[in-house]
Ligand code: PMV
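Residue numbers (my numbering): 222 to 525.
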């Protein structure tokens, strides 16, 4: 096999707090994927990305960039003197810098393609470990939630200190919309702003952790109104730690005015994607239409 892929993820509860050891809940978005394919070219190793327009030999990739560091790591793991005469083709449906884990998905797709094409037989544990190292370049001080959710492609309750367990919930019971605000924001900047103000924010961060734990039974029993209420509470706490923004708050108001049980930002915040939990399919379609009319892209994923 010369081809592999990895999907996007969305964080339902607990972003940012998870960096400080609190639990968070993430779910994979299996229909939004990044694909990596390796094809012989008879020349030096190249990277071609359809989305960014990149078409460069390995030696010209920017030193210190995520992709360069990842390829160097894989070259060492494979014990290659030089990367082989192949082209790595990347195609992605996941928007960049928008809270859906595009960086981790890119790493995992590439690692899996290398593992299968060059027969490296990397285990999921090793794949997760390599992707986490590269996340440090994208995030600064990542919790590991993105790479772990995407490596195992399972809804997870994730904690840096306690490890992760599979979320005991049937997400197809929920009418969850993932909507792109169109505003791009870099995870590393938002995460480092929170870190600078940690002392001021630590009570809120702990409250986010407690709220996340209380959401588990609500998710398990399929209680949309309680899950929605907790999403709204989570959003209120995210506003307190200054990771929302005026534009996002305004976009969330459109869903609130439509009477949805809950909505919140997802991922790093200050833009990116946001989540809307609708009470049923009819309401989900109505909300989808509202955002489409505002010109926003709606990833209508976990809706039965
Ligand atoms: O914006 P994303 O998709 O990279 O998600 C970041 C999640 C944070 O909790 C803000 C950071 C982390 O590493 O957990």
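Ideal Cβ placement from N, Cα and C applies to all residues, glycine included. These numbers were taken from a predicted model, which means no experiment stands behind them.
Quiz item: By Cβ distance, which residues of its chain are closer than 6 Å to residue 518, with the 5 residues on each side in sequence left out?
Solution: Here the set comprises 401.
Practice problem: May I have the straight-line CA-CA distance separating residue 450 from residue 498, to the nearest angstrom? | Solution: 10 Å
Self-check item: Top-ranked residue by Cα proximity to residue 488, from 466, 226, 231
Solution: 231
Quiz item: Which residue or residues does DSSP assign as beta-bridge partners of residue 230?
Solution: According to DSSP, which records beta bridges pairwise, residue 230 is partnered with 249.
Exercise. Could you tell me which residues DSSP pairs with residue 520 in its beta bridges?
Key: For residue 520, DSSP records a beta bridge to 399.
Practice problem: Tell me whether residue 423 sits in a helix, a strand or coil according to DSSP, three-state version. | Solution: helix
Quiz item: Quick one: does the C-beta of residue 428 sit closer than 6 Å to a heavy atom of the ligand PMV?
Solution: no
Quiz item: Any chance the CB of residue 251 is under 6 Å from a heavy atom of the ligand PMV?
Solution: Incorrect: residue 251 has no Cβ contact closer than 6 Å to the ligand PMV.
Quiz item: In whole angstroms, what is the alpha-carbon distance linking residue 286 and residue 274?
Solution: 16 Å
Exercise. Output the distance between the C-alpha atoms of residue 239 and residue 366, rounded to the nearest integer angstrom.
Key: Near 8 Å, if we compare the C-alpha coordinates of residue 366 and residue 239.
Exercise. Quickly, what does DSSP pair residue 386 with across the bridge? List them, please.
Key: 378
Quiz item: residue 330: beta carbon under 6 Å from a heavy atom of the ligand PMV?
Solution: no
Quiz prompt | Alpha-carbon to alpha-carbon, residue 243 and residue 539 | solution = In the structure as shown, the chain starts at 222 and stops at 525, and residue 539 therefore has no counterpart that could be examined.
Quiz item: residue 360: beta carbon under 6 Å from a heavy atom of the ligand PMV?
Solution: yes
Self-check item: Three-state secondary structure assigned by DSSP to residue 501
Solution: coil
Quiz item: Between the region 255-267 and the region 302-313, are three or more C-beta pairs nearer than 8 Å?
Solution: Short answer: they touch.
Practice problem: Have a look at the DSSP bridge pairing and note the partners of residue 494. | Solution: 401
Practice problem: Can you tell me which of 398, 329, 433 puts its alpha carbon nearest to the alpha carbon of residue 379? | Solution: 433
Quiz prompt | Limits of the alpha helix (DSSP H) - the one that residue 467 falls within | solution = First-last of the alpha helix (DSSP H) with residue 467: 467-478.
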